[in-house]
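Participant: Take the sequence shown: its letter number 37 is residue 264 in this note's numbering, and every next letter is one higher.
Provided herewith is a single structure, encoded as structure tokens, for subsequent inquiry.
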Amino acid sequence: MISASNLNLSPDRESLAASSSSPDLQKFLRFQLGGKDTTLIAVEPIVEIIPLNIREILPVPQMPSYVLGIYNWRGDMLWLSDLGHLVGFPPLFQSRASASRAMAIVVGSEEKSMGLVVSEVTDIEAYSRAQMRPSDPQLFSDRLLPFLQGYFITDSNEILVALEVRSLFQVPTWRSLV
């Protein structure tokens with residue numbers, strides 16, 4: 228079990244990453260979606276990061292395919308979502324290799340919690356808010372756009388997509404469940 232407070236801020240790897248004393252700095256959790264796209268979410272709504280055993284997820288029939296089911300989290304029922312599949316990528320558990328390891332990023336918003344399931348969490352990094360670019364419909368799919376906070380472009384021209392956690396709670400399925 229990894230608490231967001233236990234993860235260390237990585238050293239600056241790109242010029243986008245600012246010094247930790249900058250008031251413009253925002254910390255983001257970094258992970259991959261769809262096996263290749265680097266994705267970020269702000270650390271503020273993250274409650275905990277937990278390794279998942281797929282056998283402990285209770286599937287719920289007649290739910291959208293991105294809803295993996297429910298999980299016993301500290302004695303409470305936690306709904307789990309395949310985050311990549313929700314935003315337009317192939318399902319995470321499509322192959323046996325990905326089924327052997329997964330992480331749930333437990334996020335909270337207005338007294339509600341849900342688990343965002345990803346293959347792995349990479350690091351926590353800090354980026355300057357001033358460097359975040361607004362969402363661009365020409366760069367991102369229609370399924371991803373409603374969840375974007377914005378994006379960064381690194382010195383090596385890598386696009387880092389920043390998701391807005393509050394928008395995930397606005398998906399009609401989640402509004403009725405969590």
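Even for Gly, the Cβ is constructed at its ideal location relative to N, Cα and C.
These numbers come from a predicted model, not from an experiment.
From this set, GLN253, ASP251, SER292, PRO272, which residue's C-alpha is nearest SER394's C-alpha?
Facilitator: It is PRO272.
Participant: Does the region 337-345 come within contact of the region 371-387, defined as at least 3 CB pairs closer than 8 Å?
Facilitator: At 8 Å Cβ cutoff, the stretches do not touch.
Participant: So who's on the other strand from ALA269, going by DSSP bridges?
Facilitator: In the DSSP output, where bridge partners are listed per residue, ALA269 has PHE255.
Participant: Could you tell me the distance, in whole angstroms, from the CA atom of SER232 to the CA atom of VAL344?
Facilitator: Reliability fails at SER232, whose pLDDT of 43 lies under 50, so the model's placement of it is uncertain and no value is given.
Participant: In this structure, does DSSP put GLN376 in helix, strand or coil?
Facilitator: Strand, per DSSP.
Participant: Based on Cα-Cα distance, which residue from ASP309, GLY296, ASP251 lies nearest to GLY261?
Facilitator: Comparing Cα positions, the closest option is ASP309.
Participant: Any idea if GLU275 is buried or exposed, counting beta-carbon neighbours within 10 angstroms, 16 or more meaning buried?
Facilitator: Buried.
Participant: Tell me whether GLU406 sits in a helix, a strand or coil according to DSSP, three-state version.
Facilitator: Not covered by the structure: residue 406. The range shown for the chain is 228 to 405.
Participant: Mark LEU390 as exposed unless 16 or more other C-beta atoms lie within 10 angstroms of its C-beta, in which case mark it buried.
Facilitator: Buried is the call here.
Participant: Quick one: give me the first and last residue of the beta strand (DSSP E) that LEU305 is part of.
Facilitator: Where LEU305 is concerned, the enclosing beta strand (DSSP E) stretches over 303-309.
Participant: Could you spell out where the beta strand (DSSP E) holding VAL388 opens and where it closes?
Facilitator: Note, VAL388: beta strand (DSSP E), 386-390.
Participant: So, is VAL287 buried or exposed, given that buried needs 16 or more other C-beta atoms within 10 angstroms?
Facilitator: Per the 10 Å Cβ criterion, exposed.
Participant: Alpha helix (DSSP H) containing THR400: first to last residue?
Facilitator: Residues 399-404.
Participant: Is ILE386 closer than 8 Å to LYS254 when the C-beta atoms are compared?
Facilitator: Their beta carbons are not under 8 Å apart, which means LYS254 does not touch ILE386 by this criterion.
Participant: Pull up the distance between the alpha-carbon of SER355 and that of PRO250, whole angstroms please.
Facilitator: Looking at the two C-alpha atoms, the distance is approximately 9 Å.
Participant: I need the straight-line Cα distance from ARG282 to THR400, nearest angstrom please.
Facilitator: Spanning the two alpha carbons is a distance of roughly 23 Å.
Participant: Which same chain residues, not among the five before or five after LEU372, have their C-beta less than 7 Å away from its C-beta?
Facilitator: Hits under 7 Å: SER362, PRO364.
Participant: Can PRO291 and MET330 be called in contact, C-beta distance under 8 Å?
Facilitator: No, the pair does not count as a contact, with Cβ atoms beyond the cut-off.
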